[in-house]
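A.B. asks: What follows is a single structure, and I will ask about it in a moment.
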Amino acid sequence: MKRLLTYILPLTLIFSACGPQKNVVKARGEAKEQALTTFYAKYDSQLPKFKQVQIKSKIHTDMNGKNLNANLRLYIKNQERIWANASILGITGARINITPSKVQGYSVLSKEYIDSNFDYFNDLLKVNFITYDRLQQLLLGQLFLIGTPQDYSLETTDDNQYILSYDKNAEIEKSPKKNQYIHNFYLDSNYRLRKVEVKDPTSQTNIEVTYDEWQKFNDQNFPSFVKISINGKQKDLIELDYTNFVFEENNPPFNIPSGYKEKKIN
Numbered sequence: 035m036k037r038l039l040t041y042i043l044p045l046t047l048i049f050s051a052c053g054p055q056k057n058v059v060k061a062r063g064e065a066k067e068q069a070l071t072t073f074y075a076k077y078d079s080q081l082p083k084f085k086q087v088q089i090k091s092k093i094h095t096d097m098n099g100k101n102l103n104a105n106l107r108l109y110i111k112n113q114e115r116i117w118a119n120a121s122i123l124g125i126t127g128a129r130i131n132i133t134p135s136k137v138q139g140y141s142v143l144s145k146e147y148i149d150s151n152f153d154y155f156n157d158l159l160k161v162n163f164i165t166y167d168r169l170q171q172l173l174l175g176q177l178f179l180i181g182t183p184q185d186y187s188l189e190t191t192d193d194n195q196y197i198l199s200y201d202k203n204a205e206i207e208k209s210p211k212k213n214q215y216i217h218n219f220y221l222d223s224n225y226r227l228r229k230v231e232v233k234d235p236t237s238q239t240n241i242e243v244t245y246d247e248w249q250k251f252n253d254q255n256f257p258s259f260v261k262i263s264i265n266g267k268q269k270d271l272i273e274l275d276y277t278n279f280v281f282e283e284n285n286p287p288f289n290i291p292s293g294y295k296e297k298k299i300n
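Numbering (this note's numbering), first residue to last: 35 to 300.
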C-alpha cells in the first residue's frame, strides 16, 4: 500500500554538488536584508496565480527496487486540495485526496485505504517538514522554505543565477541534530527553481529535487519535468512529466470504496 501511494504522490526532495565551480557574490549585513527583500519580491512576481489547475502527466518510479510507469492526473485547488489519480491503460490503480489537515488514499489492487495526516509522508520520507503548502510547492516547482524567509542567505553567481542557502547549514553539519536539515535552493536568472538539495546528517539521507524545461501555460510558469531522488539506506527515484495544464474549475470525486481495509500508519 505504501508503495502504491508513493507511486501516485511524488513529493520529495539528494545532496550533490555537480557541475563546474562558479564565482558567487554573497550579501551580508544590511546588504543581505535588502538583497533578500528584492529577491523575494522578484521571485513572487513570477509565481503562477491560479485558483485551480488540472495537470495531465506521466509518472515513473523506482521505489524499493520496483519500477512502475503510469498516467497521473493531478487536480490542485490552490492552498485547499490536491487530488491525484494513477492509472494504467485507463484503469485506476490508486487515488489520493489531500487537504491541509488530512491525507486520504486507497489502492484498488490491495483493497486498502489510509486516513491519516502529514505524519504519513514525513515518516515515508524520513523528514519532518512536509505540510500541505510545502507539498503543493514541491509539485509545482516553488520554494518550500523550511525556515523563515530571513533564515537564508542569497548568493548570486557570475551568470546571474541564485543560490538560497540556509544560514544554519554549517552549524548543522558540525553538530547534527534530529529534524535539522542542511538545504539549499538553486534558481535561474528568471527566478525559477532549478534544484533543491536537502541533507539529513543524522541519518545520512540525501535528497535532490530538480525542475527542467520551464514553460508558460496560460501565461504562467510551470516546470515540465520534476525529478525527485532520495539516497539513504536505499536509492529511490520519482519522475514526473507534466504534459498539459488546464485552469478550469473541477471537483473530482473522492470516496473510499466500501469493504476496503484501513492500513494503519506506524
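No residue lacks a Cβ here, since even glycine has one placed at the ideal position from N, Cα and C. The structure displayed is predicted, hence computed values, not measured ones.
Could you tell me whether the Cβ atoms of E146 and K295 are closer together than 8 Å?
C.D. replies: For this step, residue 146 is matched to residue 112 along the sequence shown. For this step, residue 295 is matched to residue 261 along the sequence shown. Against a cut-off of 8 Å, the Cβ pair of K295 and E146 comes out as a contact.
A.B. asks: Measuring straight from C-alpha to C-alpha, what distance separates I272 and P210?
C.D. replies: Stepping through the sequence shown from its first residue, residue 272 is reached at position 238. Stepping through the sequence shown from its first residue, residue 210 is reached at position 176. Roughly 27 Å separates the two Cα atoms.
A.B. asks: For N224, which option in D270, Q176, K269, I180 has the closest C-alpha, if you only look at C-alpha atoms?
C.D. replies: Here residue 224 corresponds to residue number 190 of the sequence shown, with the count starting at 1. For N224, the nearest C-alpha among the options comes from Q176.
A.B. asks: Looking only at its chain, what residues have a beta carbon closer than 7 Å to the beta carbon of K76, apart from the 5 residues adjacent to it on each side?
C.D. replies: If you number the sequence shown from 1, residue 76 lands on position 42. Once the five neighbours on either side are set aside, the close Cβ partners of K76 are Y225.
A.B. asks: Out of K267, L274, D253, which has the shortest C-alpha to C-alpha gap to K261?
C.D. replies: As a working mapping, residue 261 is identified with position 227 in the sequence shown. Looking at the Cα atoms, L274 is the closest of the given residues.
A.B. asks: Among the candidates V280, D201, L159, P183, whose CA atom is the shortest distance from the CA of D270?
C.D. replies: Sequence index remark: in the sequence shown, residue 270 carries index 236 (1-based). Considering only alpha carbons, the answer is L159.
A.B. asks: Once you ignore the five residues that flank I132 on each side, which residues in its own chain have a CB closer than 6 Å to its CB?
C.D. replies: Numbered from 1 along the sequence shown, position 98 holds the residue referred to as residue 132. Within the same chain, I132 has close Cβ partners I116.
A.B. asks: Determine the direct distance from the alpha carbon of L188 to that of Y196, and round the result to whole angstroms.
C.D. replies: Residue mapping note: residue 196 aligns to position 162 of the sequence shown, counting from 1. Residue mapping note: residue 188 aligns to position 154 of the sequence shown, counting from 1. Roughly 7 Å separates the two Cα atoms.
A.B. asks: I want to know whether the segment 277–289 touches the segment 82–93 - three or more CB-CB distances under 8 Å.
C.D. replies: They touch, by the three-pair rule.
A.B. asks: Could you check whether the segment 167–181 touches the segment 226–243, counting it as contact only if at least three pairs of C-beta atoms, one from each stretch, sit closer than 8 Å?
C.D. replies: Touching, per the Cβ criterion.
A.B. asks: With DSSP as the reference, identify every bridge partner of P257, one or two as the case may be.
C.D. replies: Stepping through the sequence shown from its first residue, residue 257 is reached at position 223. Paired residue(s): W248.
A.B. asks: Please state whether DSSP places K66 in a helix, a strand or coil.
C.D. replies: As a working note, residue 66 is residue 32 in the sequence shown. The answer is helix: DSSP assigns K66 an H, G or I state.
A.B. asks: Please identify the residue among T277, K250, Y74 whose C-alpha is closest to the C-alpha of I93.
C.D. replies: Working through the sequence shown from its first residue, we reach residue 93 at position 59. Here the closest residue by C-alpha is T277.
A.B. asks: Give, in chain order, every unbroken run of the alpha helix (DSSP H) that is at least 4 residues long and sits entirely within the segment 168–208.
C.D. replies: Listed in chain order, they are 203–208.
A.B. asks: Along the chain, which unbroken stretches of the beta strand (DSSP E) at least 3 residues long are found entirely within the segment 106–137?
C.D. replies: Qualifying beta strand (DSSP E) stretches, in chain order: 115–122, 125–133.
A.B. asks: Check for me: the alpha helix (DSSP H) holding D222 runs from which residue to which?
C.D. replies: By 1-based counting over the sequence shown, the position of residue 222 is 188. Element bounds for D222: n/a, residue is neither H nor E.
A.B. asks: Nearest to N105 by CA position, among F84, A128, N98, K111, is which residue?
C.D. replies: Taking the sequence shown and counting its residues from 1, one reaches residue 105 at position 71. Out of F84, A128, N98, K111, A128 has the C-alpha closest to the C-alpha of N105.
A.B. asks: Taking only three categories from DSSP, how would you classify N98?
C.D. replies: As a position in the sequence shown, residue 98 is number 64, starting the count at 1. Correct three-state label for N98: coil.
A.B. asks: Among residues of its own chain, excluding the 5 on either side of R168, which ones have a beta-carbon nearer than 6 Å to its beta-carbon?
C.D. replies: Start at 1 with the first residue of the sequence shown, and residue 168 comes out as number 134. These residues qualify, in order along the chain: F178.
A.B. asks: Could you check the C-alpha separation between L198 and Y186 for me, to the nearest Å?
C.D. replies: Here residue 198 corresponds to residue number 164 of the sequence shown, with the count starting at 1. Here residue 186 corresponds to residue number 152 of the sequence shown, with the count starting at 1. C-alpha separation (whole angstroms): 6 Å.
A.B. asks: Assuming V302 and Y154 form a contact by the criterion Cβ under 8 Å, report the distance between their Cβ atoms to the nearest whole angstrom.
C.D. replies: Missing from the structure shown is residue 302; the chain here goes from 35 to 300 and no further.
A.B. asks: Can you give the Cα-Cα distance for E205 and P235, rounded to whole angstroms?
C.D. replies: Within the sequence shown, the letter at position 171 stands for residue 205. Within the sequence shown, the letter at position 201 stands for residue 235. Near 11 Å, if we compare the C-alpha coordinates of P235 and E205.
A.B. asks: Which one of P183, V142, K212 has the shortest CA to CA distance from N218?
C.D. replies: Taking the sequence shown and counting its residues from 1, the one referred to as residue 218 is at position 184. Nearest C-alpha to N218: P183.
A.B. asks: For the beta strand (DSSP E) that F279 lies in, which residues bound it at each end?
C.D. replies: Residue 279 sits at position 245 when you count from the first residue of the sequence shown. Taken as a continuous stretch (DSSP letters only), the beta strand (DSSP E) holding F279 covers 269–280.
A.B. asks: Looking only at C-alpha atoms, which of A65, A118, N252 sits nearest to P32?
C.D. replies: It is not possible to answer for residue 32, since the shown part of the chain is limited to 35 through 300.
A.B. asks: What separation, rounded to the nearest whole angstrom, lies between the Cα atoms of F163 and N156?
C.D. replies: Taking the sequence shown and counting its residues from 1, the one referred to as residue 163 is at position 129. Taking the sequence shown and counting its residues from 1, the one referred to as residue 156 is at position 122. Cα to Cα, the separation comes out at about 7 Å.
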